[in-house]
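**Q**
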Amino acid sequence: MARIVFTSGFARRYTQGVREFEVEAKNLRGVLKAMDEMFPGLGEHLEEETTVAINGELHETGYFQAVPPGAEVFFIPKIEGG
Amino acid sequence: MNDTAIVTDSVKRFKWVGTRPIRPDGVPKVTGRALYGADLKLPGMLFGKVLRSPHAHARIRSIDTSAAEALPGVKAVVTSRDFPEQKFDYIGPERVAVNFWHVTRNIMAREKVLYEGHAVAAVAATSASIAEEAARLIKVDYEVLPHVIDVDEAMAEEAPLLFEDMITRGVEPAPSKPSNISKRLEFAIGDVDAGFQQADVIIEKTFKTAAVHQAYIEPHACVAKYEADGQCEVWSSSQGHFAMRALTAQIIGARLGDLRVTPAEIGGGFGGKTVTYLEPVAATLSKKSGLPVRLQMSREDVFRASGPTSGASMWVKIGVKKDGTIVAADGVFKFQAGAFPGSPVMNGCLCAYAPYEIPNQRAVGYDVVSNRPKAAAYRAPGSPISAFAVESVLDMCAHEIGMDPLELRLKNACHIGTPTIAGPKHAHAGYAETVQALMNHPGYKVKLGPNQGRGVASGYWFNGGGESSATLQLNADGTVLIATGSPDIGGSRASMAIMAAETLGIDYNQVRAIVADTASVGYTHVTGGSRVTFATGMAVVNATKSAIKELCARAALIWGVEADAVVWEDGFAKPASSNVGDFKPLSLKELAAKAAATGGPITTSAGVNAGGQAPGFSTQFCDVEVDPETGKVTILRFVAAQDVGRAIHPSYVEGQIQGGVVQGIGWALNEEYIYNSKGQLDNPGFLDYRCPVASDLPMIEPILVEVPNPAHPYGAKGVGEVNICPPMAAIANAIAAATGLRMTELPMSPPKVLAALSQG
Chain A
406 MARIVFTSGF
416 ARRYTQGVRE
426 FEVEAKNLRG
436 VLKAMDEMFP
446 GLGEHLEEET
456 TVAINGELHE
466 TGYFQAVPPG
476 AEVFFIPKIE
486 GG
Chain B
4 MNDTAIVTDS
14 VKRFKWVGTR
24 PIRPDGVPKV
34 TGRALYGADL
44 KLPGMLFGKV
54 LRSPHAHARI
64 RSIDTSAAEA
74 LPGVKAVVTS
84 RDFPEQKFDY
94 IGPERVAVNF
104 WHVTRNIMAR
114 EKVLYEGHAV
124 AAVAATSASI
134 AEEAARLIKV
144 DYEVLPHVID
154 VDEAMAEEAP
164 LLFEDMITRG
174 VEPAPSKPSN
184 ISKRLEFAIG
194 DVDAGFQQAD
204 VIIEKTFKTA
214 AVHQAYIEPH
224 ACVAKYEADG
234 QCEVWSSSQG
244 HFAMRALTAQ
254 IIGARLGDLR
264 VTPAEIGGGF
274 GGKTVTYLEP
284 VAATLSKKSG
294 LPVRLQMSRE
304 DVFRASGPTS
314 GASMWVKIGV
324 KKDGTIVAAD
334 GVFKFQAGAF
344 PGSPVMNGCL
354 CAYAPYEIPN
364 QRAVGYDVVS
374 NRPKAAAYRA
384 PGSPISAFAV
394 ESVLDMCAHE
404 IGMDPLELRL
414 KNACHIGTPT
424 IAGPKHAHAG
434 YAETVQALMN
444 HPGYKVKLGP
454 NQGRGVASGY
464 WFNGGGESSA
474 TLQLNADGTV
484 LIATGSPDIG
494 GSRASMAIMA
504 AETLGIDYNQ
514 VRAIVADTAS
524 VGYTHVTGGS
534 RVTFATGMAV
544 VNATKSAIKE
554 LCARAALIWG
564 VEADAVVWED
574 GFAKPASSNV
584 GDFKPLSLKE
594 LAAKAAATGG
604 PITTSAGVNA
614 GGQAPGFSTQ
624 FCDVEVDPET
634 GKVTILRFVA
644 AQDVGRAIHP
654 SYVEGQIQGG
664 VVQGIGWALN
674 EEYIYNSKGQ
684 LDNPGFLDYR
694 CPVASDLPMI
704 EPILVEVPNP
714 AHPYGAKGVG
724 EVNICPPMAA
734 IANAIAAATG
744 LRMTELPMSP
754 PKVLAALSQG
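Residue numbers (the working numbering), protein chains in the order written: chain A, 406 to 487; chain B, 4 to 763.
Okay, structure coming up:
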């Protein structure tokens with residue numbers, strides 16, 4: 406089981422203000438699929454608009470990223486540098 | 004320069020990683036033979052010229068191009084009518100929030116011009132002088148409108164509106180009236196109000212920073228050649244030719260597969276060449292004329308029409324206990340976006356307090372449009388701006404409680420597991436080590452003289468990962484070619500060759516790294532965000548490992564053994580054990596010579612979407628002297644400690660640190676856009692826009708703190724950006740120490756310092 410967390414702004418826009426969810430998934434594909442089932446269309450928003458921190462480690466929101474048991478999966482806005 | 008690295012991990016020795024071989028692009032650059040964007044000449048090539056608005060804000064009633072089109076030698080004229088309309092939609096990364104409805108209007112104005120220098124039309128002609136004359140013949144009928152430059156004035160209710168229908172995003176319920184505020188953001192953890200109740204000392208202050216330009220030496224330039232079959236080739240100087248391909252394709256309505264973009268050598272970018280201004284215009288002029296077209300900006304064009312970073316207006320409040328514990332931090336960060344939404348205010352909010360463990364924090368950001376060129380990325384975009392305010396207030400807190408400013412920072416240093424304002428916990432260390440490096444520096448204890456002061460400050464930057472590709476080719480003589488899609492703005496060709504040589508176990512001089520065009524290597528994201536050594540380096544190492552696997556298979560074929568009975572060590576294929584047989588190890592050169600007989604050319608590729616990047620931390624101190632008669636601030640000493648993971652090529656890393664600090668010194672002391680009452684820029688050149696030069700500066704002393712990132716095969720972290728975050732506050736803090744005066748507005752130029760001194 407992984408703990409999924411959104412920023413308050415993202416939650417306001419897409420998850421009726423709910424910021425935290427518990428999801429059974431082995432990788433990000435599973436997380437996206439589970440969230441999309443709860444909120445149709447959310448998976449695409451997450452893919453396009455977010456970076457993900459899995460236990461604090463930043464990754465692109467790619468299907469292949471492993472989600473260890475008990476992980477905190479935090480979706481934050483994408484960041485671009487200079 | 005001597006090796007200054009402080010190795011903080013268990014020492015791991017490499018043959019090439021950490022050495023300083025001669026840079027592969029050095030000779031062409033110092034002999035003037037390197038080819039930049041404006042150097043390409045094609046047969047039949049036309050010269051382009053962009054007509055730009057003289058007004059800061061005006062409605063375009065009409066554009067008459069007939070006289071220009073009739074001028075002999077003119078082959079094409081374009082206006083916004085030649086570019087397809089784009090859908091109004093914010094897509095892509097939140098900071099950039101690319102809205103192509105805006106992008107196409109920035110490239111070529113439609114209904115209105117929104118800043119002086121805004122492109123309104125372009126011509127292509129057989130000579131530069133004809134193109135200039137033709138541009139002058141274009142008649143634009145403007146209805147001049149009131150304009151607004153300053154961010155606070157742009158937020159005022161009575162401010163002239165750039166977009167009459169802009170409703171602030173991020174506010175609920177949505178405002179009923181339009182404004183120049185494109186977006187409001189808020190990030191928070193803990194309970195800020197309760198946190199301040201625990202504080203013994205609370206300090207709050209307002210700050211302003213000026214918009215500053217990236218000030219790359221090479222102006223934007225490109226050549227486009229559009230063929231009758233719809234295929235288009237572009238040569239341009241940018242930080243990402245794949246990004247230029249994508250942006251150009253979208254703006255002109257072409258398919259990615261029909262565009263091929265070749266990177267020119269690049270004369271600096273610092274973030275400002277991650278966006279497009281000229282490529283879609285040159286491609287459209289070429290399409291209309293049927294001939295290749297070159298477009299280039301003048302230095303004035305660069306200042307008037309290409310993105311600076313945002314100026315800002317900020318308020319920061321921090322509460323500390325007497326023992327130095329920071330209990331709460333609050334801030335409002337209002338960033339200029341320029342004429343179109345998309346300032347780096349989100350980064351400013353996210354980075355503001357990131358080096359510290361503060362249980363209660365809040366950052367509110369506003370993205371505000373005004374009649375200035377659209378802001379573009381600049382080295383750790385957003386972070387230096389908020390750092391100026393936060394690090395200044397922290398210094399005031401340290402002074403108020405009588406604590407050394409480095410002690411205060413060390414006491415509150417973030418560590419693995421510290422929550423960040425966006426929510427995720429820090430996963431990497433490195434900050435405290437930069438503070439300790441300065442505490443151990445002998446210069447930090449040197450006593451200063453009259454009118455002299457010492458200031459410290461820190462900074463944070465995320466660093467990037469993401470998509471990169473690399474290809475390896477083994478030549479018949481055993482030399483190796485590494486091709487990547489990352490334009491080299493900071494020494495990446497040397498770093499890529501070093502990592503390939505290290506992985507292969509061969510001499511660095513056997514490896515040549517190049518930057519390949521969009522048709523010759525896989526997709527690679529921009530050279531930005533301090534991502535290339537990390538992400539593209541991973542692609543290079545992966546491609547090299549694939550080559551090693553293939554080389555072992557070729558050796559196994561020669562020896563008649565199984566592939567897994569062969570290992571690769573120090574540049575040779577060797578039997579994995581004596582049980583395999585008694586074979587003389589085969590060198591890379593020997594295997595290369597047998598390539599045809601063993602299966603054909605050896606070439607491998609790798610693509611990655613790299614994650615697990617570690618952030619960058621920097622802490623710096625500087626000594627300054629303030630001339631009480633003129634207000635001039637002289638930098639006496641500047642020491643910059645940065646966590647670099649592991650320096651692949653230390654000279655380049657030191658250069659990055661020195662470059663970032665120097666740009667920060669310019670931002671702190673001199674650089675600003677000066678607008679007249681009509682909203683026109685009065686200092687669009689290096690004579691009046693004052694960048695630091697060598698005679699202004701002491702040697703910047705870099706300290707490489709090495710806390711390797713385990714996610715990278717050689718421990719690399721991004722090193723290009725965080726170094727620009729601390730200088731502004733470090734200098735302001737040093738001026739405060741020297742004079743007792745708190746400077747809160749950048750630049751801290753002689754007139755401002757003198758005025759502050761005279762006011763006491």
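For each residue, glycine too, the CB sits at the ideal point set by N, CA and C.
If you're wondering where the values come from, they're calculated on a predicted model, not measured in any experiment.
Between B:G21, B:D144, B:P716, B:D304, which lies nearest to A546 (chain B) when the distance is taken from Cα to Cα?
**A** Locating residue 546 (chain B) in the second sequence gives position 543, where the first residue counts as 1. Looking at the Cα atoms, B:P716 is the closest of the given residues.
**Q** Using a Cβ-Cβ cut-off of 7 Å (strictly less than) and excluding sequence neighbours within five positions of N726 (chain B), which residues of its own chain qualify?
**A** Here the question's residue 726 (chain B) lines up with position 723 in the second sequence. For N726 (chain B), where only same-chain residues beyond five positions count, the Cβ hits under 7 Å are S621, A643, Q645, Q659, I660, G663, V664.
**Q** At the 8 Å Cβ level, is G188 (chain B) part of the contact set with chain A, yes or no?
**A** For the purposes of this step, residue 188 (chain B) is taken as residue 185 along the second sequence, with counting starting at 1. In the sequence as presented, Gly is not what sits at residue 188 (chain B); that position holds Leu. Closer than 8 Å to some Cβ of chain A, the Cβ of L188 (chain B) qualifies, so yes.
**Q** Are the C-beta of G426 (chain B) and some C-beta of chain A separated by less than 8 Å?
**A** On the second sequence, position 423 is the one that residue 426 (chain B) refers to. Yes, its Cβ sits closer than 8 Å to a Cβ of chain A.
**Q** Can a CB atom of chain A be found closer than 8 Å to the CB of R98 (chain B)?
**A** Residue 98 (chain B) sits at position 95 when you count from the first residue of the second sequence. Note that R98 (chain B) has pLDDT 48, beneath the 50 cutoff, so the model's placement of it is unreliable and the number below is only indicative. Closer than 8 Å to some Cβ of chain A, the Cβ of R98 (chain B) qualifies, so yes.
**Q** In terms of alpha-carbon separation, which member of B:F338, B:G271, B:G743 lies closest to D153 (chain B)?
**A** For the purposes of this step, residue 153 (chain B) is identified with residue 150 of the second sequence, where counting begins at 1. Answer by Cα proximity: B:F338.
**Q** When we look at the beta-carbon of Y468 (chain A) and count the other beta-carbons within 10 Å, is it buried (16 or more) or exposed?
**A** By 1-based counting over the first sequence, the position of residue 468 (chain A) is 63. The residue is exposed, with fewer than 16 neighbouring Cβ atoms inside 10 Å.
**Q** Compute the distance between the beta-carbons of A617 (chain B) and N679 (chain B), then report whether it is under 8 Å.
**A** Locating residue 617 (chain B) in the second sequence gives position 614, where the first residue counts as 1. Locating residue 679 (chain B) in the second sequence gives position 676, where the first residue counts as 1. Against a cut-off of 8 Å, the Cβ pair of N679 (chain B) and A617 (chain B) comes out as no contact.
**Q** Please report the distance separating the alpha-carbon of I63 (chain B) from that of N374 (chain B).
**A** Translated into the one-based positions of the second sequence, residue 63 (chain B) becomes position 60. Translated into the one-based positions of the second sequence, residue 374 (chain B) becomes position 371. Computed Cα separation, rounded: 15 Å.
**Q** So P578 (chain B) is in the beta strand (DSSP E); what residue range does that whole segment cover?
**A** The sequence position of residue 578 (chain B) within the second sequence is 575, counting from 1. 575 to 578 is the extent of the beta strand (DSSP E) around P578 (chain B).
**Q** How many angstroms separate the CA atom of P705 (chain B) from the CA atom of S472 (chain B)?
**A** To locate residue 705 (chain B), count along the second sequence from 1; it is residue 702. To locate residue 472 (chain B), count along the second sequence from 1; it is residue 469. Those two C-alpha atoms are separated by around 31 Å.
**Q** At 4 residues or longer, and completely inside the segment 293 to 318 of chain B: list those alpha helix (DSSP H) runs for me, N to C.
**A** Taking only runs of at least 4 residues, the alpha helix (DSSP H) segments lying wholly in the segment 293 to 318 of chain B are 302 to 308.
**Q** I'd like to confirm the pairing. Which residues does DSSP put opposite D144 (chain B) in its beta bridges?
**A** The residue given as residue 144 (chain B) occupies position 141 in the second sequence. Bridge partners of D144 (chain B): B:S65.
**Q** Here's the rule: buried if 16 or more other CB atoms are within 10 angstroms of the residue's CB, otherwise exposed. What is V696 (chain B)?
**A** The sequence position of residue 696 (chain B) within the second sequence is 693, counting from 1. With fewer than 16 other Cβ atoms within 10 Å, it is exposed.
**Q** Could you compute how far the alpha carbon of A162 (chain B) sits from the alpha carbon of G341 (chain B)?
**A** Along the second sequence, one-based indexing puts residue 162 (chain B) at 159. Along the second sequence, one-based indexing puts residue 341 (chain B) at 338. Using only the alpha carbons, I get a separation of about 15 Å.
**Q** Grouping DSSP H, G and I as helix and E and B as strand, with all else coil, what is P653 (chain B)?
**A** Counting from 1 along the second sequence, the entry for residue 653 (chain B) is found at position 650. Three-state result, P653 (chain B): helix.
**Q** Listed in chain order, which residues of the segment 409 to 429 of chain A have Cβ atoms closer than 8 Å to some Cβ of chain B?
**A** Answer in chain order: V410, T412, S413, G414, R417.
**Q** Does the separation of the CB atoms of N460 (chain A) and E485 (chain A) fall below 8 Å?
**A** Sequence index remark: in the first sequence, residue 460 (chain A) carries index 55 (1-based). Sequence index remark: in the first sequence, residue 485 (chain A) carries index 80 (1-based). Cβ distance not < 8 Å, so N460 (chain A) and E485 (chain A) don't count as in contact.
**Q** Given a limit of 7 Å on CB to CB distance, which residues of the segment 714 to 733 of chain B reach chain A?
**A** Residues E724.
**Q** Pick helix, strand or coil for E593 (chain B), following the three-state DSSP scheme.
**A** Within the second sequence, the letter at position 590 stands for residue 593 (chain B). E593 (chain B): helix per DSSP, three-state reduction.
**Q** Can you name, in chain order, every residue of its own chain whose Cβ lies under 6 Å from the Cβ of G532 (chain B), other than the five neighbours on each side?
**A** What you label residue 532 (chain B) is simply residue 529 of the second sequence in a count that begins at 1. Hits under 6 Å: G467.
**Q** Under 9 Å Cβ-Cβ, which residues of chain B neighbour F444 (chain A)?
**A** Working through the first sequence from its first residue, we reach residue 444 (chain A) at position 39. Simply none; closest approach about 18 Å.
**Q** Does N478 (chain B) get closer than 8 Å to chain A when you measure Cβ to Cβ?
**A** Position 475 of the second sequence, counted from the first residue, corresponds to residue 478 (chain B). No, N478 (chain B) lies away from the interface with chain A (no Cβ there is under 8 Å from its Cβ).
**Q** DSSP state of V174 (chain B), grouped into three classes?
**A** Residue mapping note: residue 174 (chain B) aligns to position 171 of the second sequence, counting from 1. DSSP places V174 (chain B) in coil when its eight states are reduced to three.
**Q** From the DSSP output, read off the bridge partner residues of L484 (chain B).
**A** As a working mapping, residue 484 (chain B) is identified with position 481 in the second sequence. DSSP lists B:Q476, B:R515 as partners of L484 (chain B).
**Q** Let me know the secondary structure DSSP gives I329 (chain B) once reduced to three states.
**A** Stepping through the second sequence from its first residue, residue 329 (chain B) is reached at position 326. In the structure shown, I329 (chain B) sits in a strand (DSSP, three-state: E or B).
**Q** Excluding the five sequence neighbours on either side, which residues of its own chain have a C-beta within less than 6 Å of the C-beta of A157 (chain B), listed in chain order?
**A** Taking the first residue of the second sequence as position 1, residue 157 (chain B) is located at position 154. Around A157 (chain B): V151, N183, V371, S373.
**Q** Ignoring anything shorter than 3 residues, give me the beta strand (DSSP E) runs that lie fully in the segment 151 to 215 of chain B, in order along the chain.
**A** Counting whole runs of 3 or more residues, the segment 151 to 215 of chain B contains the beta strand (DSSP E) stretches 184 to 192, 204 to 212.
**Q** Can you look up W571 (chain B) in the DSSP assignment and give me helix, strand or coil?
**A** Numbered from 1 along the second sequence, position 568 holds the residue referred to as residue 571 (chain B). Correct three-state label for W571 (chain B): strand.
**Q** Is the beta carbon of A440 (chain B) closer than 8 Å to that of V708 (chain B)?
**A** The count along the second sequence starts at 1 and reaches residue 708 (chain B) at position 705. The count along the second sequence starts at 1 and reaches residue 440 (chain B) at position 437. Contact flag set, yes.
**Q** Please list the partners that H464 (chain A) has in chain B, where partner means a Cβ-to-Cβ separation under 9 Å.
**A** Sequence index remark: in the first sequence, residue 464 (chain A) carries index 59 (1-based). Result: G468, N612, A613, G614, G615, Q616.
**Q** Across which residues does DSSP place S811 (chain B) in a beta bridge pair?
**A** As displayed, chain B neither begins before 4 nor continues past 763, which places residue 811 (chain B) out of reach and without an answer.
**Q** Just mark A177 (chain B) as buried or exposed, buried being the case when its beta carbon has 16 or more other beta carbons within 10 Å.
**A** To locate residue 177 (chain B), count along the second sequence from 1; it is residue 174. By the neighbour-count rule (16 or more Cβ atoms within 10 Å), A177 (chain B) is not buried but exposed.
**Q** So for T601 (chain B), helix, strand or coil by DSSP?
**A** Against the second sequence, residue 601 (chain B) aligns to sequence position 598. T601 (chain B): coil per DSSP, three-state reduction.
**Q** What three-state label does DSSP hand W104 (chain B) in the structure shown?
**A** Translated into positions along the second sequence, residue 104 (chain B) becomes position 101. It is helical.
**Q** Given that F273 (chain B) touches chain A, what residues does it touch there, using C-beta distances under 9 Å?
**A** Residue numbering aside, residue 273 (chain B) sits at position 270 when the second sequence is read from its first letter. What F273 (chain B) touches in chain A: G487.
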